[in-house]
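A.B. asks: The structure under discussion is supplied below as structure tokens; questions concerning it will follow.
There are 2 protein chains.
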Amino acid sequence: MVAQGSTTLDRSEVERLVRDVLRQKLRGQINPPLQREQHATATAGKGGPPHPLVVNVSARHMHVTQENLEILFGKGAKLTKLKDLYQDGEFASEQLVTVVGPRQRIVPNVRILGPIRNYTQIELSYTDGIYLGIDLPLRISGNHENTPGCTVLGPSGAIHLSSGIIRAQRHVHMSTEDMAYYGVKDGDEIKLRIDGPSGLTFDHVKVRYHPKVILEVHIDTDEGNACDLESATNMELIK
Amino acid sequence: MVAQGSTTLDRSEVERLVRDVLRQKLRGQINPPLQREQHATATAGKGGPPHPLVVNVSARHMHVTQENLEILFGKGAKLTKLKDLYQDGEFASEQLVTVVGPRQRIVPNVRILGPIRNYTQIELSYTDGIYLGIDLPLRISGNHENTPGCTVLGPSGAIHLSSGIIRAQRHVHMSTEDMAYYGVKDGDEIKLRIDGPSGLTFDHVKVRYHPKVILEVHIDTDEGNACDLESATNMELIK
């Protein structure tokens, strides 16, 4: 049972550790980017679903208007692609911002996901919200009614958002044939079952229809960590 | 849809913000204590369960041997009570330590939970583990086989644990009459259903028997945030 051994570090070693940590803090390397992307698939087979089930964890991110992008990154700034996301045309940009909460706590390295949107929005986990001191409302992307705001810092300037900070409601992107297979329609809710050592079943996974999407569930980092998606042995959408 | 307004902050304002943030970092106030305690009860009624169902979120914490406590807090150090926990005799102490991960990232203000144990152990969430760079094994308290270690700093000294860092498996403390009511025995697993806007059903909630405990489920902060326990409308243990 008791497998831990402990050794005493001498004072100079402790001082070195503390110095290293402070130096690192000053370089701004302390707060976690938490950009882990988890991804798992179940094969689509004969008589099975039209598309394989893909579940992705959305790390904290920002969507941005061209106007706000130019305040943050300078006149004429453009989003440049770091890598493609699962949905066609969507991408993680190279642009990073710092989110400043009401108590002056910050989360640096928040990535902007492209393309440019017609609204500016920041999606955080509850863990982030508690840390920043922001009471995050649970919303579907784009619904900013009664949502809080924050200050965002970029290399060329800062913006103060009066609203647009949300926790994204867990959702599944579906095409017409996906909805037909699962017997649901746009706006319905379905369950997502994750089997594994930290298995669980999520309720209220909102169906979001778009003719051009392919089947993909989005959960946030709290949800991905709660079920330890990386160790999932099976995943299933159930009614 | 587009409810956010944005205003440009001038350069001096941005500089002030950054200065404030750096100053705060130096004072070590940046990393989140995340000591949110969530608590909800369902009344025990006639013909109902012998005890009300209580679900608590365990924030990151440490258990400690007397020997390690004295290295961290000085010779003859004792745990002093900050507040009682739900189980009789368990308490949150006033003693806080700093956990240093392998990449020199730190999590300060990790609270020691008393009383003194015969092993030293640190329980973190996966969010913490990813941040620190520690691949946390899922374990029942006290099982340290093949678990990683870390460095822990206290005001009087530091220890290097060679093992004992875990993610605690979700579990439910039950007395004999609780086990009889739910039809389970020590070591069984049961499900915990949380209804609400972020509702879900946790599998693999391990039953832990002790003659003196009262019914209480423990989940970690990732799990508590995933289901937004604070907004739960109903909770239920189901087989």
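Respectively, the protein sequence lines represent chains R and C.
Just so we're aligned: 173 in numbering that gives the first Met the number 0 is position 174 of the first sequence, and the numbers increase by one with no gaps anywhere.
Just so we're aligned: 234 in numbering that gives the first Met the number 0 is position 235 of the second sequence, and the numbers increase by one with no gaps anywhere.
Virtual Cβ for every residue (Gly too), placed ideally from N, Cα, C.
Source: prediction; values computed, not measured.
#1: Check each candidate in I164/C, I213/C, L199/C and G163/C and name the one with the smallest Cα separation from L175/C.
#2: For chain D, check one thing: does any of its Cβ atoms lie closer than 8 angstroms to the Cβ of Y181/R?
#3: If you draw a straight line from the alpha carbon of K82/R to that of G141/C, how long is it in whole angstroms?
#4: Judging by CA-CA distance, which residue of T97/R, D185/R and V56/R is the nearest neighbour of P154/R?
#5: Between the Cα of L137/C and those of V151/C, P48/C and S124/C, spot the shortest distance and give me the residue it belongs to.
#6: Give the interface partners of A225/C over in chain R, defined as CB-CB distance under 7 angstroms, in chain order.
#7: According to a CB-to-CB cut-off of less than 9 angstroms, which residues of the region 68-82 of chain R neighbour chain C?
#8: Using the Cα positions of H217/R and V204/R, report the straight-line distance between them to the nearest angstrom.
#9: Taking C-alpha atoms, which residue in I111/C, P210/C, A167/C and R166/C lies nearest to G71/C?
#10: Just the Cα atoms here: how many angstroms apart are K211/C and V53/C?
#11: Per DSSP, which residues does I165/R bridge with? Please list them.
#12: Please state whether the Cβ-Cβ distance between Y180/C and I189/C is less than 8 angstroms.
#13: Return yes when the Cβ of T150/C is within less than 8 angstroms of the Cβ of H143/C, no when it is not.
#14: Could you tell me the boundaries of the alpha helix (DSSP H) in which D177/R lies?
#15: Taking any Cβ of chain R, which residues in the region 195-218 of chain C have a Cβ under 9 angstroms from it, in chain order?
#16: If we define contact as Cβ-Cβ less than 8 angstroms, is M234/R a contact residue for chain C?
#17: Using a cut-off of 7 angstroms between C-beta atoms, extract the partners of S124/C located in chain R.
#18: Of all Cβ atoms in chain R, is any one closer than 8 angstroms to the Cβ of L112/C?
#19: Is the distance from the Cβ of T289/R to the Cβ of T64/R below 8 angstroms?
C.D. replies: Let's see:
#1: The sequence given here places Thr at residue 175/C; Leu does not occur at that position. The option with the nearest alpha carbon to T175/C is I213/C.
#2: Included in the structure are the protein chains R and C, with no chain D among them.
#3: 42 angstroms
#4: T97/R
#5: S124/C
#6: D221, E222 and A225
#7: I70
#8: 9 angstroms
#9: Per the sequence shown, the amino acid found at residue 71/C is Leu instead of Gly. Among I111/C, P210/C, A167/C and R166/C, the Cα nearest to that of L71/C belongs to I111/C.
#10: 16 angstroms
#11: E122/R
#12: no
#13: no
#14: T175 to Y181
#15: G195, P196, S197, G198, L199, T200, F201, D202, H203 and I218
#16: no
#17: N224
#18: no
#19: Here chain R has residues from 0 to 238 only, and residue 289/R is not among them.
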